[in-house]
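Notes follow once the structure below has been shown.
Printed below as a string of structure tokens:
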């Protein structure tokens, strides 16, 4: 049967952005009787289900998912999968449907164990606990289904209090340091593993007549990637998240916050950023990187697919985790990332078929095809790196933990405090100490502490 589509063209995801649940997650239809975890695959039957998808109409990503759905419809007589656009701008209407008792059977952005604003739907009983099913042996692998996912993503999937699982990652977006590998080789520059390596590379690039780092001055969260990743190294995720997003303690309590700002100021003072970045939007900054006008760019792993039309065929791209900071007291082996999580409605009238959709999308076979054909980064162990992102799967494997991008600031009342101050630092309007003082005053004000 043909897959039904109910999609809105032209709407796109801003990676890392999520809408809050707004409460009321338990409203509407009562929870359905969950199938036996040991026999759910034998209980799969046909019928309609509605699944949320992130790609828009006309994209290769959507065509790929249509093919996956068609395979399920072929395997289970009477199965009818309707795909509904579930990306950022569609969320308010979809969440209203959840509150009205007309939830999608499978949806995105309903849960994230790292984001307190996205725990309500689970707490109010709107989502199916997936852990009993993930704990069962997967007949495809002979191991528990849960074991196929990288341990580094577990905190996204798992409720921090109950340890129940309400989300399964279909793909990842990682903040990584991209570099022009051919340019580095030509000038004998070592890809930076440490912060000292980074500043050395920046100086060598400048000497070669190339701006070291591409960055936009017109989108504050992208400038904030630099302070976010530095604080991950100099302070650690838990403390930084607590201070910035939750108002636990003060930014002056840990010297690592000032150290991170001082390192960023030093990078600025070395004139390491793209000339004229203050007035350059992110698309233009990214294009200049691929044109060889800058040697590095700190960006999400979506960069390659987003800029596919402008990347020269012979461009040699290198991908690295953010450099470690010698003497840092934070998380030296962690990375900032966003996991796109699929959740199942507890009120779904066809939970087994909904589980099969998640199982099929996250199978190693599907994830491998998706990496090769679409360029998505997978949370599933053993899936190779997408062709345009060499080595990124190894980076995920070596990370001890993936932490939530932006520290949850984009959903916090502190969002209008932190990144504007970082922008002022990069623009040269204030130094590291002044930035810290302004952040301290602003955070005390918004958090009331």
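Numbering (full-length UniProt numbering), first residue to last: 1 to 449. Cβ atoms here follow ideal geometry from the backbone N, Cα and C, with glycine treated the same way. Since the model is a prediction, treat every value here as computed from it, not as a measurement.
Span of the alpha helix (DSSP H), counted from its first residue to its last, around residue i
i, result
"residue 426", "415-427"
"residue 270", "Per DSSP, residue 270 belongs to no alpha helix (DSSP H) and is neither H nor E."
"residue 355", "351-361"
"residue 375", "Here residue 375 belongs to no alpha helix (DSSP H), and DSSP marks it neither H nor E."
"residue 298", "First-last for residue 298: 294-300, but that is the beta strand (DSSP E), not the alpha helix (DSSP H)."
"residue 442", "432-447"
"residue 412", "No alpha helix (DSSP H) contains residue 412, which DSSP labels as neither H nor E."
"residue 288", "282-290"
"residue 312", "Taken as a continuous stretch (DSSP letters only), residue 312 belongs to no alpha helix (DSSP H), as it is neither H nor E."
"residue 133", "131-134"
"residue 243", "Where residue 243 is concerned, there is no enclosing alpha helix (DSSP H), given that its DSSP letter is neither H nor E."
Backbone CA spacing between residue i and residue j [nearest angstrom]
i, j, result
"residue 27", "residue 130", "Low confidence applies to residue 27: its pLDDT is 49, below 50, so where it sits in the model is not reliable, and the reading given next is rough at best. Computed Cα separation, rounded: 20 Å."
"residue 191", "residue 392", "15 Å"
"residue 313", "residue 149", "33 Å"
"residue 82", "residue 218", "38 Å"
"residue 387", "residue 348", "37 Å"
"residue 119", "residue 445", "26 Å"
"residue 152", "residue 399", "7 Å"
"residue 258", "residue 356", "49 Å"
"residue 122", "residue 55", "25 Å"
Per-residue DSSP class, three states only, for residue i
i, result
"residue 171", "strand"
"residue 337", "strand"
"residue 255", "helix"
"residue 324", "strand"
"residue 163", "coil"
"residue 144", "strand"
"residue 317", "strand"
"residue 123", "helix"
"residue 235", "coil"
"residue 383", "coil"
"residue 332", "coil"
"residue 348", "coil"
"residue 150", "coil"
"residue 394", "helix"
CB of residue i within 8 Å of CB of residue j, strictly
i, j, result
"residue 174", "residue 335", "yes"
"residue 166", "residue 353", "no"
"residue 319", "residue 390", "yes"
"residue 453", "residue 297", "An answer regarding residue 453 cannot be provided, because it is not within the stretch 1 to 449 covered by the chain."
"residue 211", "residue 235", "no"
"residue 344", "residue 134", "no"
"residue 287", "residue 339", "no"
Residue range of the beta strand (DSSP E) that includes residue i
i, result
"residue 451", "Because the chain in this structure spans residues 1 to 449, residue 451 falls outside the shown range and cannot be described."
Residue i at chain D interface by Cβ criterion, 8 Å
i, result
"residue 119", "The chain labelled as chain D is not found in the depicted structure, where only one protein chain is given."
Problem - beta strand (DSSP E) runs wholly inside the stretch 175-233, at least 3 long, in chain order - result: Complete beta strand (DSSP E) runs here, min 3: 211-214.
Exercise for the section: Kindly provide the ranges of any beta strand (DSSP E) runs that are 3 or more residues long and lie completely inside the stretch 43-115, ordered along the chain. Expected result: Taking only runs of at least 3 residues, the beta strand (DSSP E) segments lying wholly in the stretch 43-115 are 47-53, 79-85 and 106-108.
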